[in-house]
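Novice: Starting off with a structure, shown below.
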Amino acid sequence: MENRIGIGYDIHRLVDGRELFIGGIEIPYIKGLLGHSDADVLIHAICDALLGAIAGGDIGKLFPDTNPEYRGIRSRELLKIVLELVRKKGYKITNVDTVIIAEEPNLSAFKNRIQENLSKIMKIDKNCVGIKAKTNEGLGALGSKEGIACYAVVLVRKENLL
Ligand code: MG
-3 MENRIGIGYD IHRLVDGREL FIGGIEIPYI KGLLGHSDAD VLIHAICDAL LGAIAGGDIG
57 KLFPDTNPEY RGIRSRELLK IVLELVRKKG YKITNVDTVI IAEEPNLSAF KNRIQENLSK
117 IMKIDKNCVG IKAKTNEGLG ALGSKEGIAC YAVVLVRKEN LL
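Counting in the numbering used here, the sequence shown tops out at residue 158, every number present.
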């Protein structure tokens, strides 16, 4: 069995007049994340972690914001494309772990839904999807609610047929 790890990070700016999507779930809040797609910062970090694990480049290379095809696209559709790349390379996801850094809104009431939604999209057990949310303790740009950032790590495996 071959195991490979991947790490992903993403950050988006919070602005007026946008809906907030985190982990494919719409979160009620006065602002949303700015981006070419729906700016789902958590899904973007997971996509980059998966791409990292298969040495498949990054989300910016795969889905450039200069391409009108991806304008306003729901990020779960980007994740599905990345999952297909992982599958084609012969890997299966063992587990995913994530950290969301958001001063606001408080995500504790949504973590379960985010976990369920991501496990459904990735077709892995809910127990294999870690969702953690924390504030930045008021420090820096994240602490002053200018944006939301996420980290993700994944482990993928390939069963070598001998
Ligand atoms: Mg992004």
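Yeah, the Cβ is synthetic: ideal placement off N, Cα and C, and Gly gets one too.
Note that this is a predicted model, so its numbers are computed, not measured.
Distance, Cα to Cα, Lys116 vs Gly2?
Specialist: Residue numbering aside, residue 116 sits at position 120 when the sequence shown is read from its first letter. Residue numbering aside, residue 2 sits at position 6 when the sequence shown is read from its first letter. About 20 Å.
Novice: When we look at the beta-carbon of Leu159 and count the other beta-carbons within 10 Å, is it buried (16 or more) or exposed?
Specialist: Residue numbering for the chain in the displayed model covers -3 to 158; residue 159 lies beyond these limits and cannot be assessed.
Novice: Rounding to the nearest angstrom, what Cα-Cα distance links Val95 and Asn156 in this structure?
Specialist: To locate residue 95, count along the sequence shown from 1; it is residue 99. To locate residue 156, count along the sequence shown from 1; it is residue 160. Those two C-alpha atoms are separated by around 31 Å.
Novice: Mind checking who Cys146 pairs with in its DSSP beta bridge?
Specialist: What you label residue 146 is simply residue 150 of the sequence shown in a count that begins at 1. Asp6 and Ile96.
Novice: Is it true that the stretch 3 to 14 meets the stretch 22 to 37, where meeting means three or more beta-carbon pairs spaced less than 8 Å apart?
Specialist: Segments in contact, yes.
Novice: Can you tell me the Cβ-Cβ gap for Ile23 and Val92, rounded? I've got them flagged as a contact below 8 Å.
Specialist: Your numbering for residue 23 matches position 27 in the sequence shown. Your numbering for residue 92 matches position 96 in the sequence shown. Actually they do not touch by this definition, with Cβ atoms about 19 Å apart.
Novice: Can you tell me where the alpha helix (DSSP H) with Lys76 in it begins and where it stops?
Specialist: In the sequence shown, residue 76 corresponds to position 80, counting from 1. Ser71 to Lys84 is the span of the alpha helix (DSSP H), which, as asked, contains Lys76.
Novice: In chain order, which continuous runs of the alpha helix (DSSP H) of length 4 or greater are located wholly inside the stretch 24 to 76?
Specialist: Here the runs fully enclosed are 37 to 49 and 55 to 58.
Novice: Sorted by chain position, which residues of the same chain lie with C-beta nearer than 7 Å to Arg67's C-beta, five sequence neighbours on each side aside?
Specialist: Working through the sequence shown from its first residue, we reach residue 67 at position 71. Once the five neighbours on either side are set aside, the close Cβ partners of Arg67 are His32.
Novice: Going straight from the alpha carbon of Val149 to that of Ile69, what length do you get?
Specialist: One-based indexing of the sequence shown puts residue 149 at position 153. One-based indexing of the sequence shown puts residue 69 at position 73. Going from the Cα of Val149 to the Cα of Ile69 covers about 24 Å.
Novice: Can you find at least 3 beta carbon pairs, one from the stretch 53 to 66 and one from the stretch 94 to 112, that sit closer than 8 Å?
Specialist: Taking 8 Å as the limit for Cβ pairs, the verdict is that the stretch 94 to 112 does not touch the stretch 53 to 66.
Novice: To the nearest angstrom, how far is it from the Cα of Ser104 to the Cα of Ile110?
Specialist: Indexing the sequence shown from 1 puts residue 104 at position 108. Indexing the sequence shown from 1 puts residue 110 at position 114. Approximately 10 Å between the Cα atoms of the pair.
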